[in-house]
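*Asks:* Residue numbers (this note's numbering), protein chains in the order written: chain G, 1 to 412; chain R, 413 to 857.
All C-beta atoms, glycine included, are put in the ideal place defined by N, C-alpha and C.
(1) Output yes if chain G places a C-beta closer than 7 Å to the C-beta of residue 756 of chain R; else output no.
(2) Against chain R, does residue 164 of chain G count as a neighbour if the rule is that its beta carbon must be under 7 Å from one of theirs?
(3) With distance defined between alpha-carbon atoms, name the residue in R:750, R:814 and R:732 nearest to residue 744 of chain R.
(4) Would residue 682 of chain R pass as a contact of residue 648 of chain R if the rule is Cβ separation under 7 Å?
(5) Run the CB neighbour count on residue 818 of chain R, radius 10 Å, all protein chains shown included, and call it buried at 16 or more, exposed below.
(6) At 9 Å on the CB atoms, spell out the chain R contacts of residue 134 of chain G, in chain order.
(7) Let me know the beta strand (DSSP E) ranges lying completely inside the region 711 to 787 of chain R, each 3 residues or longer, listed in chain order.
(8) Please name the residues in the region 138 to 166 of chain G whose beta-carbon is closer than 7 Å to at least one beta-carbon of chain R, in chain order.
(9) Could you name the residues of chain G that residue 745 of chain R contacts, counting a contact when the two beta carbons are closer than 9 Å?
(10) According to the Cβ coordinates, are residue 190 of chain G and residue 349 of chain G closer than 7 Å?
(11) For the candidate residues R:413, R:734 and R:806, whose alpha-carbon lies nearest to that of residue 533 of chain R?
(12) Three or more C-beta pairs under 8 Å: does that hold for the region 471 to 480 of chain R against the region 205 to 217 of chain G?
(13) Measure the CB-CB distance between residue 695 of chain R and residue 719 of chain R and report whether it falls below 7 Å.
(14) Within this structure, are the beta carbons of residue 45 of chain G and residue 15 of chain G separated by less than 7 Å?
(15) Measuring only the C-alpha atoms, how far is residue 91 of chain G from residue 305 of chain G?
(16) Any C-beta of chain G sitting closer than 7 Å to the C-beta of residue 856 of chain R?
(17) Less than 7 Å between the beta carbons of residue 807 of chain R and residue 671 of chain R, yes or no?
(18) When you compare only the Cα positions, how much space is there between residue 688 of chain R and residue 428 of chain R?
(19) Where are the beta strand (DSSP E) runs, 3 residues long or more, that stay fully inside the region 179 to 255 of chain G, in chain order?
(20) List, in chain order, every chain R residue whose beta-carbon is nearer than 9 Å to that of residue 131 of chain G.
(21) When you compare only the Cα positions, how much space is there between residue 486 of chain R and residue 113 of chain G?
(22) Compare the C-beta of residue 492 of chain R with all C-beta atoms of chain G and state if any pair is closer than 7 Å.
(23) Does residue 621 of chain R have its Cβ less than 7 Å from a Cβ in chain G?
(24) Short of 6 Å in beta carbon distance, which residues of its chain neighbour residue 316 of chain G, apart from the five on each side in sequence? Order them along the chain.
(25) Tell me whether residue 520 of chain R sits in a helix, a strand or coil according to DSSP, three-state version.
(26) Taking only runs of the beta strand (DSSP E) that begin and end inside the region 541 to 626 of chain R, which ones reach a length of at least 3 residues, in chain order?
(27) Could you pull out every residue in the same chain whose Cβ sits closer than 7 Å to the Cβ of residue 110 of chain G, ignoring the five residues on either side in sequence?
(28) Which term fits residue 558 of chain R, buried or exposed, when burial requires 16 or more other beta carbons within 10 angstroms of its beta carbon?
(29) Tell me which residue opens and which closes the alpha helix (DSSP H) that residue 37 of chain G is part of.
(30) Which two residues bound the contiguous alpha helix (DSSP H) that contains residue 694 of chain R?
(31) Return no unless some Cβ of chain G is closer than 7 Å to the Cβ of residue 489 of chain R.
(32) Could you give the distance in angstroms between the alpha-carbon of residue 293 of chain G and the alpha-carbon of residue 408 of chain G?
(33) By the 9 Å beta-carbon criterion, what residues does the region 199 to 224 of chain G contribute toward chain R?
(34) Below 9 Å on C-beta distance, what does residue 499 of chain R contact in chain G?
(35) Would DSSP call residue 641 of chain R helix, strand or coil?
(36) Thinking just about the alpha-carbon of each residue, which of R:423, R:440 and R:468 is nearest to the one in residue 728 of chain R?
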């Protein structure tokens, strides 16, 4: 398959990823809600495209506002952002932690269907409305509800703890733990360069030794420590998807934009456990499709934003992309190849572990980060994009390798 | 009767009080854990929460429920295991709610002493009044059908006195929790001559199951904790009186409180600690201790005066601090009582002058919060105290003398056979009073 039209993304914006770790976060004090985050991100994007009048359609990605915030019908929030959006068509997408990328995919398909030239996409999630022990119940909705009873108290950490356990068995604990700690260190160091990152204020001196903390199954899960995990986050991200005509209508040039040249989606059976716990096979499929559509290979990529909801997921994704053979993903990380100055800079503003994981916003946040890197807007977190590798890749995962979206972007 | 059987019927006396409510919570959680063992599932567990006030008991039930939710949230992994056969309980929220229901189902709030006649364990957390305690013990002991064991939370009254007065034949042991029991790790355990070993072993198991730290004390009035605290407080008040000759009452309190907190790297200054425990409670404990201590005068006329004018300190039911020597707003000290003016004087009106008199902290100083968690604590403290000794400021001098006195008090507790060892004294101060270091140390040589 190939894209039948030129598709661009412009006007990206991330709010702060709010939660523990941010100095301004106080669980006992009132905080912004869905409304404030959508308004902040939406208005910032509209400002960059000449206002709401240029928008043809809106999409919002969100996972569990219905339970975190007792709020459904999020699509009808758009006119609150700007009155000019009243009576426009709008859609909400949900695919667990891939909800944001499903919003992007919907926007892309709307442009392809030629029913819109400018689509405003927002991803949003506000999760700090309850303690993590209850949030775990909500997030378990990304898995099969009938599995909840047999699942871990910390349901998703439990899922990836199982995967990590199998990886330890096959390839060794010390080796894997070293890679997980390195992953954590890179994530925090990158987050320190990005003012919106949840770990921006992190001042831990010895990140490696923190990352090496031995997991404790009595208090958490058997094979992961808390530093292997993304935190509970509130936040929103916005970006605008446009056709060539849309780009002109917004008064922008291709220099302001990244071009979307490939998209791959893949799903796995929610009711089934993985055939092999040490592999992310739906991720492999989605990336393969995206790269094929873009007609490039992994070697052409300058940077990747991938879905490290857990450090283990990051390592497995490296193998799914094909950056390292099976069992060697950990070595790839240990060798420094994923660091910002490595041969494949990954998650340059911290990823889910470092920047944060407002679940429904994450897919959009990844797109915004690639857009920033490829248009030179990444500030202190900016990496060099070699002229012969003008491409970026995102991988956004819903559930335990269940709903996957991968997108290839090209620098103009 | 084994450990599990003895817990089938328990009474907590004074259950709605500050200490009683914590002891009730911990005991209820322990009884739940026992009841969940496969061999005990068909047994019935009852925990009487006995108090004189119906109103206080209503408040107690709410408090216990709230606390159980918090505790359940923390031990969710273990609870999921407990309820693994309950197909209807899948979500953490459901499991936590069930846990609270199951524990609450064991607790019976009651106001009549008769309920305690069926209990195998009587946990006493009534007010620190020897006559009251012995009266209730004797009544329950005379009417009970089952020769109950009496666990008393007294912080000062000799166990042998209670045993004799209530005629308990040694079926009594001191199990002294620190405030608040749900949080504080320390439990002082005091046997009298007649207390059978089996009771001591039982209590050790109980404390271990609660994941707390047991420190034994000889059966001497005040035991280790109050033995040190009361003398430390008397010393602080004596130093304050000395300073008062050259300055106002409020200024003298400010200086001694600040020096005993900041310069000694303690979590609270001595006057704040007296307020925290309660001026009334401190006065009462001293009164209990006084007849047993012959070589020192364990009595403070100042506390008597404060009580006479009605400034008592202590805590409100929500755990917030009542005004005493110091006045508090949202936990922060905002003013200091002035005995001469009979009113609170704002901190900002005296702090500049007093801070100038006290002088600066040595550069090596680190706040209590940092030191208490510091991996090389001893090194940090050794450096700090040798720097402190070199300082010539009034604060530093007072701190060195205070520190030396605190050590003497600790050593005397060992030589007077209140504490078994110096380590025990240090453990009590570090776990019961959250000090960063024990008083018996060589930081100042």
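*Replies:* Judging by the given coordinates:
(1) no
(2) no
(3) R:732
(4) yes
(5) buried
(6) 485, 503, 504, 505 and 508
(7) 738 to 741, 744 to 750 and 755 to 758
(8) 148, 149 and 153
(9) The premise fails here: residue 745 of chain R is roughly 22 Å from chain G at the closest Cβ pair, so nothing lies under 9 Å.
(10) yes
(11) R:413
(12) no
(13) yes
(14) no
(15) 25 Å
(16) no
(17) yes
(18) 19 Å
(19) 234 to 242
(20) 485
(21) 51 Å
(22) yes
(23) no
(24) 280
(25) strand
(26) 561 to 564, 584 to 589 and 598 to 603
(27) 57, 116 and 119
(28) exposed
(29) 34 to 48
(30) 691 to 701
(31) yes
(32) 9 Å
(33) 217, 218, 219, 220 and 221
(34) 149
(35) helix
(36) R:468
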